[in-house]
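Chemist:
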Amino acid sequence: MQFSISKEIFLDGITKVQGIAGRKTTFPITANVLISAQGSTITLVATDLEIGFKGHYPATVEEEGTITIPGKKLFEIVREFPHGAIDVRDLENGWVQIFKDKVQYKIVGMDPNDFPKLPEVEGMELFELDSLVFADMIEKTNLSGGMSSEEKRPHLIGVYLEKIVQEEKNGLRMVSTDGNRLARVDYIPDEGMQPPAFDGAKGVILPKKVMTEILRVSEGGGKISLGVQKNYFVIQKEAETIIGRLVEGEYPDYNLVIPNDLETFFEIEKQPFVSILKRMSILCSERYRAVRFKVDPQRLEVSVNNPELGDSNEEMPIAFNGGAFEAAFNPRFFVDALNPMKSDMIKVNILDSSKPCILEGSEDPRYLSVIMPMRM
Numbered sequence: 001m002q003f004s005i006s007k008e009i010f011l012d013g014i015t016k017v018q019g020i021a022g023r024k025t026t027f028p029i030t031a032n033v034l035i036s037a038q039g040s041t042i043t044l045v046a047t048d049l050e051i052g053f054k055g056h057y058p059a060t061v062e063e064e065g066t067i068t069i070p071g072k073k074l075f076e077i078v079r080e081f082p083h084g085a086i087d088v089r090d091l092e093n094g095w096v097q098i099f100k101d102k103v104q105y106k107i108v109g110m111d112p113n114d115f116p117k118l119p120e121v122e123g124m125e126l127f128e129l130d131s132l133v134f135a136d137m138i139e140k141t142n143l144s145g146g147m148s149s150e151e152k153r154p155h156l157i158g159v160y161l162e163k164i165v166q167e168e169k170n171g172l173r174m175v176s177t178d179g180n181r182l183a184r185v186d187y188i189p190d191e192g193m194q195p196p197a198f199d200g201a202k203g204v205i206l207p208k209k210v211m212t213e214i215l216r217v218s219e220g221g222g223k224i225s226l227g228v229q230k231n232y233f234v235i236q237k238e239a240e241t242i243i244g245r246l247v248e249g250e251y252p253d254y255n256l257v258i259p260n261d262l263e264t265f266f267e268i269e270k271q272p273f274v275s276i277l278k279r280m281s282i283l284c285s286e287r288y289r290a291v292r293f294k295v296d297p298q299r300l301e302v303s304v305n306n307p308e309l310g311d312s313n314e315e316m317p318i319a320f321n322g323g324a325f326e327a328a329f330n331p332r333f334f335v336d337a338l339n340p341m342k343s344d345m346i347k348v349n350i351l352d353s354s355k356p357c358i359l360e361g362s363e364d365p366r367y368l369s370v371i372m373p374m375r376m
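Be aware that the sequence shown starts at 1, since it is given in the UniProt record's numbering, and climbs by one per residue.
1) For LEU182, does the three-state DSSP call read helix, strand or coil?
2) Is there contact here, the region 172-187 with the region 129-144, by at least three beta-carbon pairs under 8 Å?
3) For ASN305, which residues in the same chain have their Cβ closer than 7 Å to its Cβ, ignoring the five residues on either side in sequence?
4) Out of GLU8, PHE27, ILE29 and VAL33, which has the shortest C-alpha to C-alpha gap to VAL17?
5) Since ILE282 is in the beta strand (DSSP E), which residue starts that stretch and which ends it?
6) Check PHE53 in the structure and name its three-state DSSP category.
7) Look at the alpha carbon of ASP111 and the alpha carbon of ARG216, and state the distance between them as a whole number of angstroms.
8) Restricting to Cα atoms, I'd like to know which of LEU300, PHE325, ILE350 and LYS270 is closest to PRO317.
9) Ignoring anything shorter than 3 residues, give me the beta strand (DSSP E) runs that lie fully in the region 53-103, in order along the chain.
10) So, using beta-carbon positions, are PRO373 and SER343 closer together than 7 Å?
11) Ordered along the chain, which non-local residues of its own chain (more than five positions away) have a Cβ less than 7 Å from that of PHE325?
12) So who's on the other strand from TYR160, going by DSSP bridges?
13) What are the boundary residues of the beta strand (DSSP E) that includes SER218?
14) Over the uninterrupted alpha helix (DSSP H) stretch that includes CYS18, give me the two end residues.
15) Express the C-alpha separation of TYR232 and GLU125 in angstroms, rounding to a whole number.
16) Grab me the residues of ILE242's own chain with a C-beta within less than 6 Å of its C-beta, minus the 5 sequence neighbours each way, in chain order.
17) Is VAL247 closer than 7 Å to PRO207 when the C-beta atoms are compared?
18) Measuring CA to CA, which of LYS72, PHE81 and LYS152 is closest to ILE9?
19) Just the Cα atoms here: how many angstroms apart are THR68 and LEU359?
20) Should the region 115-132 be called in touch with the region 219-227, which here means at least 3 C-beta pairs below 8 Å?
21) Out of VAL274, LEU49, ALA337 and GLY13, point me to the one whose CA is closest to THR25's CA.
22) LEU34 by DSSP, collapsed to three states: which one?
23) How would you label VAL103, buried or exposed, when you count the other beta carbons within 10 angstroms and need 16 or more for buried?
24) Touching or not, the region 193-200 and the region 261-276, by the rule of three or more beta carbon pairs under 8 Å?
25) Can you have a look at HIS83 and say buried or exposed, based on whether 16 or more other CB atoms are within 10 angstroms of its CB?
26) With distances taken from CA atoms, which of ARG245, VAL45, ALA183 and ILE98 is nearest VAL121?
27) Pull up the DSSP beta-bridge partners for THR26, would you.
28) Taking its Cβ as the centre, do 16 or more other Cβ atoms sit within 10 Å of GLU363, making it buried, or is it exposed?
29) By the DSSP assignment, the beta strand (DSSP E) with LEU262 in it spans what residues?
30) Drop a sphere of 10 angstroms on the beta-carbon of ARG181, count the other beta-carbons inside from all chains shown, and report buried for 16 or more, exposed for fewer.
31) Roughly how many whole angstroms lie between the Cα atoms of THR15 and LYS202?
32) Could you say which of ILE86, PRO297, ASN113 and VAL291 lies nearest to ASP101 if we only look at CA atoms?
33) Are the Cβ atoms of ARG184 and LEU368 separated by less than 7 Å?
34) Pop quiz: GLU240 and GLY55 are said to be a contact at Cβ under 8 Å. What is the actual Cβ separation, rounded to whole angstroms?
35) Could you check which residue in PHE320, LYS355, MET345 and MET341 has the C-alpha nearest to that of ALA328?
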């Protein structure tokens, strides 16, 4: 096998498989990338046995064939290669040469016949939506930080996609939680959309670990297609496909943690609020994670008191239509929720120290974030 390909195109494809080929499994070959050259394209395939990726890229193929080489090392080599074309060819005994002019690498591969095959899903019904919209939904529901690798509960390891109908228009809802916070975002285009195809189900659970790969595929805009069949999901955008297993189990009723009484609130400028929270976070630690909100009708005081490090406090003027109270929250949860929001002014719905806080914004009309308070 031998082919020549643009560094930029090759690197783009290899980058998209890093999160899959780099995961630990019981099969060492899954750390490799399968590369097939045929006609005028090469095909990159990666899998961790639960999630797979396949992408087709233009290349000049001098000799057809298939190889498999370590994904991480291939990425590092191509990333540092000079700009221009890169030549790849197989050698004897499974070795692969990557070269151009005076730059040359020889790395050891494995038998491509041992590489696991991706599931074959025939006749799957797909529905389309804007890839940048889907990426925005993922970014707003990205709550996977700090999750234990041993966690098995469906609602904690997965993101829930649900079919919804509002004002007689079909839409898609995405919900994510980590047990301490919840994010919900809806997509309902003005022109309507075809009903999401979930193989007869109202909703499905995608694994959180696939979301980074979906974001990479979504770059550049255009349409993205999503489909579900039995226990599998497929994400397609142009010549790239992600296929994987759905998370099995029932997603709990997330509406139970969203308060119905949202009558007490204050509005606050997003960026100054985020800056205060980041400054307070400097003195937080593993044992002392909370910052304290002291709320009254005219002002918000944010403070941190860590006996191991020190203390700090700042104030911002607000107009709150409820009574004075104090509550404690994890500041990182607020920063994570606020960063992807487009709104300059944030509506903070909060009743007292025992109730969840709800964040909303006028420029993010179908998004809300629920943050549970901490013990003071």
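From the three backbone atoms N, C-alpha and C, an ideal C-beta is built for every residue, glycine too.
Modeler: The answer reads as follows:
1) Strand at LEU182.
2) yes
3) ASP311
4) VAL33
5) Element bounds for ILE282: n/a, residue is neither H nor E.
6) strand
7) 28 Å
8) LEU300
9) Listed in chain order, they are 60-63, 65-70, 85-90 and 95-100.
10) no
11) Counting only residues of its own chain and dropping the five nearest sequence neighbours on each side, PHE325 has a CB closer than 7 Å to the CB of VAL295, ASP352 and SER353.
12) In the DSSP secondary-structure assignment, TYR160 is bridged to VAL175 and ILE205.
13) No beta strand (DSSP E) holds SER218; the alpha helix (DSSP H) holding it covers 211-218.
14) First, the amino acid is wrong: residue 18 is Gln here, not Cys. Element bounds for GLN18: 7-21.
15) 12 Å
16) Taken in chain order, the residues that qualify are PHE53, GLU213 and ILE235.
17) yes
18) PHE81
19) 47 Å
20) yes
21) LEU49
22) strand
23) Its Cβ having fewer than 16 others within 10 Å, VAL103 is exposed.
24) no
25) exposed
26) ARG245
27) THR26 is not bridged to any residue.
28) exposed
29) First-last for LEU262: undefined, no H or E at that position.
30) buried
31) 33 Å
32) Ranking ILE86, PRO297, ASN113 and VAL291 by Cα distance to ASP101 puts ILE86 first.
33) Contact: yes.
34) 4 Å
35) Ranking PHE320, LYS355, MET345 and MET341 by CA distance to the CA of ALA328 puts LYS355 first.
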